[in-house]
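Heads up: take any position in the sequence shown, counting from 1, add 3, and you land on the UniProt record's numbering. We put the CB at the ideal spot given by N, CA and C, even for glycine. Predicted, not measured: the structure shown is a model, and the values here were computed from it.
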Amino acid sequence: VSQNRYQNIFNADQAGLDHACNLLRAGGLVAFPTETVYGLGANATDATACASIYEAKGRPSFNPLIVHFPDLAEAEKRVTFNEKAQKLAQIFWPGPLTLVLPRAESCDIAELCSAGLPSLAVRVPGHPIAHALLQQSSLPLAAPSANASGKISPTRSEHVAYSLGEKVSCILDGKDTACAVGLESTVIDLTGEIPVLLRPGNITREEIEAVIGSIQMGKSLMESKAEASPDDPTTENTFQSQNALKSPGLLKSHYAPTLPLRLNATEVAANEALLAFGKKPLLGAAYCLNLSEKGDLLEAAANLFSALHELDQKEDVQGIAAMPIPNTGLGLAINDRLKRAAAPK
Ligand code: TXA
Ligand code: MG
């Protein structure tokens with residue numbers, strides 16, 4: 004299928020799409036062109052596949068991911084659309100606009116995509132190859148920009164190939180039709196009473212306000228040169244560097260358990276719930292959930308948010324004790340999240 008000098012770049016013909024769909028169904032990663040930038044896609048209902056996105060990008064923290072759908076109806080199965088969201092979707096989809104909305108009760112998207120938040124970012128991309136992949140795979144695809152963390156967002160298949168190398172086994176080539184916009188989608192949060200522009204993009208504040216009335220600029224967009232997020236440094240793209248956009252991972256609204264969380268536990272009390280890791284979970288806890296009995300960081304990342312939510316709902320315990328997680332690879336992102344969750348509120 005491949006006719007390129009990079010072995011993982013495939014023409015987006017039927018054979019290429021079939022290959023990509025098979026990889027996605029097996030939990031693999033596929034980079035694909037959109038009208039904004041190339042996305043690094045995984046089956047959004049497969050938490051382990053989503054964890055491997057962070058691993059491939061080398062992100063030291065879990066930013067929530069945008070989930071892509073072939074049409075509005077598929078998105079509506081996962082998030083709750085209010086009237087403003089419906090209007091925006093009708094006018095701007097398919098296209099470079101991402102809507103942050105409350106997760107639906109029956110949402111089948113991995114909690115990792117929401118990084119533990121009750122919301123999910125959804126988008127229906129306009130590029131025909133993205134659409135064909137979403138349609139033919141019948142999978143919602145979680146996809147951040149297909150670059151290694153801290154590197155420039157990719158607008159050509161070769162950019163993906165040299166940024167991610169063998170970490171992505173299939174890159175669908177959009178050739179000259181890809182990434183006409185060349186900047187990541189506009190992101191708008193519609194979970195509150197007043198919509199908030201979280202990331203500026205090709206669809207402007209004015210265009211949005213013409214449809215739904217006045218919106219607010221995200222706090223991070225108004226603060227002058229606020230600290231940039233560690234994994235989206237100023238090289239990531241022009242808009243983010245100009246606006247010093249903070250990742251939601253750094254915002255206070257980010258999910259933290261209600262119960263106090265104790266890190267690096269080497270013993271556990273009978274009135275604690277244990278977040279275990281590895282072959283030898285501490286004994287004596289009221290409840291125990293093991294992030295990965297094998298001690299596998301990919302599996303642990305995939306289980307992290309659902310485990311925190313589950314332990315946090317235990318009523319007859321005083322707190323959560325978390326066993327140490329190795330601080331390598333995905334362990335960096337897991338520990339980053341645990342540290343924030345343990346920080347005083
Ligand atoms: O154009 C795009 O949006 C590209 C293509 C591939 O679709 N994707 C992309 O994804 O730029 P990523 O992961 O690089 O950027 C996702 C942005 C981040 O700024 C993230 O913080 C925000 O969307 N985001 C995602 N889910 C969110 C949520 N639940 N709440 C708030 N912000 C969210
Ligand atoms: Mg990005």
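| query | result |
| --- | --- |
| Measure the alpha-carbon distance for H130 versus P327 and round it to whole angstroms. | 44 Å |
| Is the beta carbon of A151 less than 7 Å from the beta carbon of K60? | yes |
| Ends of the beta strand (DSSP E) at I191? | T189 to D192 |
| Taking 6 Å as the cut-off, does the CB of P284 come closer than this to any heavy atom belonging to the ligand MG? | no |
| Exposed or buried, which one is E209 when buried takes at least 16 other CB atoms within 10 Å? | exposed |
| How would you label I197, buried or exposed, when you count the other beta carbons within 10 angstroms and need 16 or more for buried? | exposed |
| Check the C-beta distance from L311 over to P260 and give it rounded, since I have them as a contact under 8 Å. | 6 Å |
| Name the residue from C53, P105 and E114 whose alpha carbon lies nearest to the alpha carbon of L333. | C53 |
| Measure the alpha-carbon distance for R343 versus V271 and round it to whole angstroms. | 21 Å |
| So S68 and P147 are in contact, right, with Cβ under 8 Å, and what is the actual spacing, rounded? | One point to set straight first is that residue 68 is Leu, not Ser, in the sequence displayed. That belief holds up - the Cβ atoms of L68 and P147 are roughly 5 Å apart, short of 8 Å. |
| N14 bridges to which residues according to DSSP? | D176 |
| On the DSSP letters alone, give me the boundaries of the alpha helix (DSSP H) that A118 sits inside. | Counting along the chain, A118 falls outside any alpha helix (DSSP H), and DSSP gives it neither H nor E. |
| Let me know if D21 comes out buried or exposed under the rule of 16 or more other beta-carbons within 10 Å of its beta-carbon. | exposed |
| Closer than 6 Å: is that where the CB of T83 sits relative to any heavy atom of the ligand TXA? | no |
| Under three-state DSSP, which class holds S148? | strand |
| Starting from Q199, follow the beta strand (DSSP E) in both directions and report where the run begins and ends. | Note that residue 199 is Val in the sequence shown here, rather than Gln. From DSSP, the beta strand (DSSP E) with V199 extends over V199 to R202. |
| In the DSSP assignment, what are the bridge partners of E275? | G322 |
| Taking DSSP as the reference, what is the three-state secondary structure of G19? | helix |
| Measure the alpha-carbon distance for C182 versus A276 and round it to whole angstroms. | 47 Å |
| Output needed for K87: all residues of its chain with C-beta closer than 7 Å, excluding positions within five of it in sequence on either side, in chain order. | L193, P198 and I215 |
| Using only the alpha-carbon positions, how far apart do G19 and V33 sit? | 11 Å |
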